[in-house]
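Down below is the structure, laid out as structure tokens.
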Amino acid sequence: MTQFVLIALGVLIVVLTVVAVFDLLPPLRIVPDETHFDFTRFRRISFPISAALSIVAIVLFFTHGLNFGIDFKGGTLLEVQNKSGPADIGAMRATLSTLGLGDIQLQQFGGPNDVLIRVAEQPGGDAAQQAAVQKVRGALGDSVEYRRVEVVGPRVSGELLAYGLLGLMLAIFGILIYLWFRFEWQFALGAMIANIHDIVLTIGFMSISQVDFDLTSIAALLTILGYSLNDTVVIYDRIREMLRRYKKMPMPQLLNESINSTLSRSIITHVTVTLALFALLLFGGHAIHSFTAVMMFGVVLVGTYTSIFIAAPILIYLGVGEHREAPDTSAKKPDTPAKK
Amino acid sequence: MLYFSRWKALAIILTALVICLFAVPNFFPQDKVKTWPVWAQRHIVLGLDLQGGSYLLLEVDSNYVKKERLDQVRDEVRRVLRDAKIGYTGLTARADAVEVRVKETDQQAALTKLRELSQPLGGLLGSSGQRSLEVSDAGGGLIRLAVPQAAITERIRQTIEQSIQIVERRINELGTVEPLIQRQGTDRILVQVPGLQDPTELKRILGQTAKMEFRMVDSSISPDQAQSGRVPADSEVLMSEQSPKVPYVVKRQVLVSGGDLTDAQPAFDQRTNEPIVNFRFNSSGSRKFAQATSENVGQPFAIILDNKVISAPVIREPITGGSGQISGSFTVQAANELALLMRAGALPAPLTVIEERTVGPGLGQDSIEKGKLAAYIGSIMVVVFMLLTYRLFGVFANIAVAINVAMIFGVLSLLNATLTLPGIAGIVLTVGIAVDSNVLIYERIREELRGGRNAISAIDAGFRRALATILDSNITTFIAAAVLFYIGTGPVRGFAVTLGIGIITTVFTAFTLTSLIVAGWVRWKRPKTVPI
Chain F
1 MTQFVLIALG VLIVVLTVVA VFDLLPPLRI VPDETHFDFT RFRRISFPIS
51 AALSIVAIVL FFTHGLNFGI DFKGGTLLEV QNKSGPADIG AMRATLSTLG
101 LGDIQLQQFG GPNDVLIRVA EQPGGDAAQQ AAVQKVRGAL GDSVEYRRVE
151 VVGPRVSGEL LAYGLLGLML AIFGILIYLW FRFEWQFALG AMIANIHDIV
201 LTIGFMSISQ VDFDLTSIAA LLTILGYSLN DTVVIYDRIR EMLRRYKKMP
251 MPQLLNESIN STLSRSIITH VTVTLALFAL LLFGGHAIHS FTAVMMFGVV
301 LVGTYTSIFI AAPILIYLGV GEHREAPDTS AKKPDTPAKK
Chain S
1 MLYFSRWKAL AIILTALVIC LFAVPNFFPQ DKVKTWPVWA QRHIVLGLDL
51 QGGSYLLLEV DSNYVKKERL DQVRDEVRRV LRDAKIGYTG LTARADAVEV
101 RVKETDQQAA LTKLRELSQP LGGLLGSSGQ RSLEVSDAGG GLIRLAVPQA
151 AITERIRQTI EQSIQIVERR INELGTVEPL IQRQGTDRIL VQVPGLQDPT
201 ELKRILGQTA KMEFRMVDSS ISPDQAQSGR VPADSEVLMS EQSPKVPYVV
251 KRQVLVSGGD LTDAQPAFDQ RTNEPIVNFR FNSSGSRKFA QATSENVGQP
301 FAIILDNKVI SAPVIREPIT GGSGQISGSF TVQAANELAL LMRAGALPAP
351 LTVIEERTVG PGLGQDSIEK GKLAAYIGSI MVVVFMLLTY RLFGVFANIA
401 VAINVAMIFG VLSLLNATLT LPGIAGIVLT VGIAVDSNVL IYERIREELR
451 GGRNAISAID AGFRRALATI LDSNITTFIA AAVLFYIGTG PVRGFAVTLG
501 IGIITTVFTA FTLTSLIVAG WVRWKRPKTV PI
């Protein structure tokens with residue numbers, strides 16, 4: 001079945017390519033050639049909204065917390081598949097609860113035959129975790145296929161968490177330094193504020209959705225960071241170019257033109273990334289489901305919004321373009337005096 | 001930007017082609033590739049999450065290593081002081097030092113003798129100035145021999161080095177395919193065994209120190225009497241390996257140790273048909289064993305593994321051939337394991353499993369299928385979208401992306417990199433992002449056209465201006481990928497690898513192939529308008 005769909009899609013590509021080569025396709029414009037949205041004025045709304053959302057995210061983080069996976073919490077995770085038809089989760093729970101291993105969670109995962117078992121970290125160090133997994137294996141026996149078994153001891157989980165957070169900070173710091181070299185420091189600072197905004201909102205999302213927070217989440221966060229910055233840098237590049245070319249244009253107008261002239265690119269690129277992520281989300285299987293879901297939220301929703309509505313307008317407050325020649329008196333003055 | 005000399009064009013195409021060609025071995029079966037020249041054999045390795053297998057992280061017990069070292073120092077101190085005929089009291093091993101008290105008149109002599117025990121760390125080349133022991137005078141006849149942290153660290157390093165060899169031998173004996181065993185950090189060993197579904201046996205084999213000793217049984221006292229507290233000073237009570245646990249009183253003195261074994265094989269006893277283990281000593285072991293057995297005919301001796309008595313046979317006649325057998329009512333599996341442990345030798349310190357990840361072959365296969373499907377569908381959607389948006393230039397972009405993906409596989413093969421499920425996600429994401437460089441260029445060309453330039457000048461300016469942006473925006477993502485590579489392990493690291501390589505090939509393609517294709521088209525068509 002899937003083969004036929006793939007072959008059909010392949011034929012579609014060949015046909016489209018031939019048509020395109022002979023210039024027979026009608027032109028398609030997702031974004032009109034000239035747009036003149038006043039993005040910077042929208043900052044009066046977008047900044048408070050972002051601030052409010054960030055606060056909500058932080059509150060969620062402290063009240064709801066994150067659903068730490070075993071990478072960071074330690075413990076045992078087993079993904080098993082019942083060999084004879086749908087798994088009876090109730091019976092399995094009853095069997096496992098007699099083992100005296102404390103909190104055991106069972107959950108259907110994927111098909112009706114698949115069950116995910118989580119055993120909380122056992123007191124008594126690394127050997128105790130090993131004993132626990134042996135007990136579970138013994139209790140379930142050969143009636144199930146063990147598709148995945150992960151045991152993370154208390155010391156490793158602590159280190160993984162520390163490493164993950166360290167990596168996140170290292171990445172932000174490294175990118176900051178790079179931007180500082182390539183642009184002025186205000187751009188670097190603006191990008192970093194946008195960055196932290198992305199991460200805070202994504203953590204809020206992870207808190208609401210309670211997806212497992214593990215090493216792959218850190219990977220998702222770092223990727224979100226990279227792509228959001230990728231977007232921000234494209235707009236910043238244009239702002240820098242405009243600053244050199246139009247010495248007298250007032251900042252809000254200059255920012256607007258920069259965002260508008262890169263808008264088509266921002267949207268087209270986000271369509272392509274969304275298409276790729278969508279395919280991963282729908283067809284990539286359970287193992288990377290939460291990974292792509294988090295990425296979808298971060299890259300597609302937050303990243304784009306941040307670059308346009310936060311990273312660019314914030315430059316006004318950071319005093320970019322202050323030391324240029326005085327703007328034309330005829331032009332509208334920047335409505336907020338920039339802070340030093 | 002649109003002019004390429006013939007040589008430059010050729011160099012670009014050749015580079016891309018060669019890199020793509022490195023991906024070829026992945027499309028042929030392994031056994032066929034093995035017959036190719038070595039440089040052509042490089043291929044992508046599937047991660048454990050895709051091919052199934054076990055990952056174990058083992059840690060050496062550093063407290064044990066420290067305690068061993070302190071006990072060793074204590075024994076050395078006793079020997080030195082006895083040899084020098086210096087009386088002493090209160091010889092004890094404390095948390096990080098050994099303490100001993102001598103008469104104040106003997107103190108200087110004792111200090112001089114004991115300082116000879118201290119050696120520079122790191123052998124002859126050691127330049128750290130640190131020594132294996134710090135001997136100090138605590139006053140009042142008290143001498144402290146502290147083992148500095150550097151000496152402990154050095155000892156842990158050596159322990160890990162020896163342990164890796166033993167672990168390697170034990171795992172190879174299991175007959176697994178291409179296991180990976182390497183040190184991680186200072187006190188850890190990483191073990192990856194592809195295809196292993198149930199690591200229980202592996203963990204049992206690695207979880208034993210397998211310190212083997214042959215000692216005499218102390219017949220002067222019955223085990224029951226000994227358990228009630230009256231054990232002779234040179235003996236101790238050990239329990240049997242098999243249940244029910246039976247106590248034995250055995251001498252502390254070791255007749256022969258496992259280090260003197262040269263071979264051990266499981267076999268069946270010809271009379272009882274029970275599984276047994278045949279073993280053979282080296283020449284010094286044979287000599288010691290022959291002497292001990294001829295002095296103690298009629299007495300029982302004990303074969304001890306990790307302080308548990310496996311069997312305690314009575315010596316019927318002197319054993320001079322250097323070989324013997326152990327029969328301890330084993331199961332076949334137990335006999336096999338014991339023989340394996342005896343052949344591979346003892347670990348210098350116990351190892352603990354601190355992390356374990358096992359993926360069954362079923363899940364791995366599912367992940368490959370799903371990853372492939374997602375990759376196909378994601379790529380097809382992006383390709384169709386690019387065709388609809390940019391038409392002819394979409395064709396150019398798609399050619400560039402196709403070469404880009406082929407190059408990613410080429411570089412992954414060249415590096416013998418590991419492909420994981422998140423790694424496949426990284427490739428799909430790269431497809432989404434690789435077209436971004438084309439989008440940046442094309443949008444810029446559109447803008448330049450609107451600005452009133454003619455076709456060729458707009459294309460030229462579009463490329464020139466967009467390339468700077470492409471470089472800047474990709475470096476930020478690359479920094480994130482590099483950090484991820486550094487902190488990540490296993491599947492996550494696989495993601496960082498494909499993401500990072502994808503960024504490099506994307507930038508390469510944008511700067512060379514895309515402009516080469518467009519330049520070729522411009523030279524061929526001499527267009528007045530750009531269909532973009």
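Quick mapping for you: the protein sequence lines, in order, are chains F and S. Using my numbering, the final residue of the first sequence is 340, and nothing's skipped along the way. Using my numbering, the final residue of the second sequence is 532, and nothing's skipped along the way. A virtual CB, placed ideally from N, CA and C, is assigned to each residue, including glycine. If you're wondering where the values come from, they're calculated on a predicted model, not measured in any experiment.
- In the displayed model, Q265(S) falls within a strand according to three-state DSSP.
- Between D114(F) and the set G74(F), K83(F), G125(F), R29(F), the nearest pair of CA atoms involves K83(F).
- Boundaries of the alpha helix (DSSP H) harbouring I424(S): 421-450, taken from the DSSP string.
- Across the structure, Y376(S) and V38(S) are spaced so that their CA atoms are roughly 31 Å apart.
- Partner residues in the beta bridge of F301(S), as assigned by DSSP, are M216(S).
- The region 460-479 of chain S and the region 165-180 of chain F touch, with three or more beta-carbon pairs separated by less than 8 Å.
- The Cβ atoms of F72(F) and L168(F) lie no closer than 7 Å to each other.
- When DSSP reads this structure, T272(S) sits in no beta bridge, so it has no partner.
- DSSP, read as helix, strand or coil, puts K308(S) in strand.
- Contact annotation: the region 74-93 of chain F does not touch the region 37-50 of chain F, with fewer than three C-beta pairs closer than 8 Å.
- Our two residues, R147(F) and Q81(F), have alpha carbons roughly 7 Å apart in a direct line.
- Look at P48(F) here: in three-state DSSP terms it is helix.
- By the neighbour-count definition (other C-beta atoms within 10 Å, threshold 16), G410(S) is a buried residue.
- When only Cα atoms are considered, I310(F) and S264(F) end up about 18 Å apart.
- In the DSSP assignment, the residues bridged to D212(F) are N67(F).
- Contact annotation: T420(S) and G494(S) have beta-carbon atoms nearer than 7 Å.
- Between V211(F) and S54(F), the CB-CB gap reaches or exceeds 7 Å.
- DSSP, reduced to helix, strand and coil, places G75(F) within a strand of the structure shown.
- Close to chain S, meaning a Cβ-Cβ distance shorter than 7 Å, are the following residues of the region 168-192 of chain F: L170, A171, G174, I175, Y178, R182.
- I445(S) sits away from I456(S), with the two beta carbons spaced by 7 Å or more.
- Taking 7 Å as the threshold, the shortest C-beta distance from A425(S) to chain F falls below it.
- Between V152(F) and V177(S), the alpha-carbon positions lie close to 25 Å from each other.
- Of the residues assessed, Q3(F) falls on the exposed side of the cut-off, its CB having fewer than 16 other CB atoms within 10 angstroms.
- For N278(S), the three-state secondary structure derived from DSSP is strand.
- One alpha carbon belongs to P223(S), the other to G185(S), and they sit about 45 Å apart.
- When secondary structure is reduced to three states using DSSP, D137(S) falls in the strand class.
- Taking the Cα of A346(S) as reference, the smallest distance to any Cα among Q51(S), L206(S), K32(S), I19(S) is reached at L206(S).
- Residue pairing by DSSP places N82(F) opposite V144(F) in a beta bridge.
- Taken in chain order, the complete alpha helix (DSSP H) segments of 4 or more residues contained in the region 467-523 of chain S are 490-509.
- Neighbours of T2(F) in chain S, taken as residues whose beta carbon is under 7 Å from its own, are L373 in chain order.
- Counting other Cβ atoms within 10 Å of its Cβ, S217(F) reaches 16 or more and is therefore classed as buried.
- E145(F) is the residue among L301(F), I13(F), G284(F), E145(F) whose C-alpha sits nearest the C-alpha of V359(S).
- Assignment of Q130(S) by DSSP, reduced to helix, strand and coil, places it in the coil class.
- Interface criterion not met: the Cβ of T35(F) is under 7 Å from no Cβ in chain S.
- Per DSSP, D31(S) is one residue of the alpha helix (DSSP H) stretching across 30-33.
- Cβ proximity to chain F below 7 Å picks out nothing from the region 300-325 of chain S.
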